[in-house]
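Enquirer: The structure that follows is given in the form of structure tokens.
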Amino acid sequence: MGAREEMQSMLRMMMMIRNFEETADRLALRGKLSGGIHNSSGQEAVAVGVMSALAPDDVIATTHRSHHHTLAKNFSAREVMAELMTKVTGVSKGRGASMHLGDVARGHFGGNGIVAAGMGIGMGAALGIKMAGDKKVSVGFVGDGGMNTGRTWEAINMAAIWKLPLIVVVDNNQYAVETFINRVTAGGDLAKRASGFGLPASTIDGQNVIEVRDAVAAAREYALAGNGPTFINMLTYRYYGHNTGEKGQYRTLEEIEDWRTHRDPIEQFAARLFKEGLLDQATYDEMKVSVEAEIQDAVEFSENSPHPDPSEVMLNIDSGKLRG
Ligand SMILES: Cc1ncc(C[n+]2csc(CCOP(=O)(O)OP(=O)(O)O)c2C)c(N)n1
Ligand SMILES: [Mg+2]
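Residue numbering for the sequence shown follows our numbering, starting at 1 and increasing by one per position.
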């Protein structure tokens, strides 16, 4: 893929994620999904930047807010939307819904309703990779809220002493439900805290998709060379409430507007591509149209798909096949 094509595909993926999330949230409010969602709008550059630096075989383990990671890992809008509607055509055959979708066979070790549990799973996957002698890495996503929970640091400690190929990505949208991170973080500096475990640790602009991609690419090289884990705190922001319908009375409208206007990851990246001659208006307009069509198709596909047969509810799922 040439540079122009690669950049445009990263931009389009971020646009697709935004449209997907806003559409899914609206559907949830109209009672069309099985429950609500945790909308990742505003955090697209973290997901797309990370996945752009990974190889298809690399694995991820994520959180309750996982659609952006999942779509960026090349799961289709159709199968993610179908999963939100708990349909058999979904990523997890309609068993996982929004918070527990995943497919181990495709390197996705799942979303997780337990804050920071995905980090432990990501560390376990990294241990598995090391024991098998595979040349790949595991990314453990965790939110800022997960930074103040013990299991995160247990996992980081183990990854550090065993030099596991783990990249810890803090999808730091600065709020844990209604709690602003600075109010609950002793010492203030997460990267400094992580560096106490003896691993490279940094804080970067999570709204800059290229900065994210480059930081993860470096961490990946470091891990593949046998040096162990890296910790990257990515500063980002969520535009909507914690979950569907949550009103966000703990922050000001000005704060949200400021991020949307000055630090939107999609608009910043599009402006950069325009400036560098890698994008023209006609192409950008056409991307918006094709993204809208893709999401509308995903909704229609999902609405027309069946729910799993109730007789299969107690069966296990094994690499896409149902067995007793
Ligand atoms: C162990 C545990 N404690 C509390 C909760 C309730 N809870 C769900 S999401 C959340 C906040 C998570 O914040 P963060 O890690 O920053 O992720 P974000 O929602 O911002 O993506 C909390 C406290 C939970 N699901 N699991
Ligand atoms: Mg958060």
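C-beta atoms are modelled at their ideal positions from N, C-alpha and C, and glycine is treated no differently.
Take A176 and list the residues in its own chain whose beta-carbon comes closer than 7 Å to its own, dropping the five residues that flank it on each side.
Expert: Closer than 7 Å at the Cβ level, and outside the excluded window around A176, lie G143, D144, G145.
Enquirer: Specify the secondary structure class of F180 as computed by DSSP and reduced to three states.
Expert: Residue state, collapsed to three classes: strand.
Enquirer: Tell me where the beta strand (DSSP E) around S290 begins and ends.
Expert: Here S290 belongs to no beta strand (DSSP E); instead the alpha helix (DSSP H) covers 281 to 303.
Enquirer: Could you check whether A217 and S202 sit closer than 7 Å to each other, using their CB atoms as the reference points?
Expert: Cβ atoms of S202 and A217: not closer than 7 Å.
Enquirer: Just the C-alpha distance for Q249 and L278, rounded to the nearest angstrom, thanks.
Expert: Roughly 40 Å separates the two Cα atoms.
Enquirer: Which runs of the alpha helix (DSSP H), 4 residues or longer, sit entirely within the segment 68 to 122?
Expert: Runs of the alpha helix (DSSP H) inside the segment 68 to 122: 77 to 84.
Enquirer: Around ligand 1, which residues pass a check of Cβ closer than 7 Å to any of its heavy atoms?
Expert: This criterion selects H38, T63, H64, R65, G113, I114, V115, A116, V142, G143, D144, G145, G146, T149, D171, N173, Y175, A176, V177, R238, H242.
Enquirer: Among N233, R251, G111, which one has its Cα closest to the Cα of Y240?
Expert: For the residues N233, R251, G111, the minimum Cα distance to Y240 belongs to R251.
Enquirer: Between the C-alpha atoms of L84 and S34, what's the straight-line distance to the nearest angstrom?
Expert: Near 6 Å, if we compare the C-alpha coordinates of S34 and L84.
Enquirer: Given this structure, state the Cα-to-Cα distance separating G2 from Q8, to the nearest angstrom.
Expert: Rounded to whole angstroms, G2 to Q8 spans 10 Å at the Cα level.
Enquirer: What separation, rounded to the nearest whole angstrom, lies between the Cα atoms of V313 and S92?
Expert: Spanning the two alpha carbons is a distance of roughly 12 Å.
Enquirer: With distances taken Cα to Cα, identify the nearest neighbour of W162 among P229, E22, E6, A55.
Expert: Out of P229, E22, E6, A55, P229 has the C-alpha closest to the C-alpha of W162.
Enquirer: Just mark N304 as buried or exposed, buried being the case when its beta carbon has 16 or more other beta carbons within 10 Å.
Expert: That one is exposed.
Enquirer: Kindly indicate which residue of A45, T185, G206, L199 has the alpha-carbon position closest to the one of L166.
Expert: Out of A45, T185, G206, L199, L199 has the C-alpha closest to the C-alpha of L166.
Enquirer: In whole angstroms, what is the alpha-carbon distance linking G324 and Q207?
Expert: Residue confidence is low: G324 scores 39 on pLDDT, short of 50, so the model does not pin down where it sits. No coordinate-derived value is stated.
Enquirer: For my contact list, V209 and V169 are in at a C-beta cut-off of 8 Å; report their separation, rounded to the angstrom.
Expert: The Cβ separation is near 13 Å, so there is no contact.
Enquirer: L29 lies in the alpha helix (DSSP H); which residues open and close that run?
Expert: Counting along the chain, the alpha helix (DSSP H) containing L29 begins and ends at 3 to 29.
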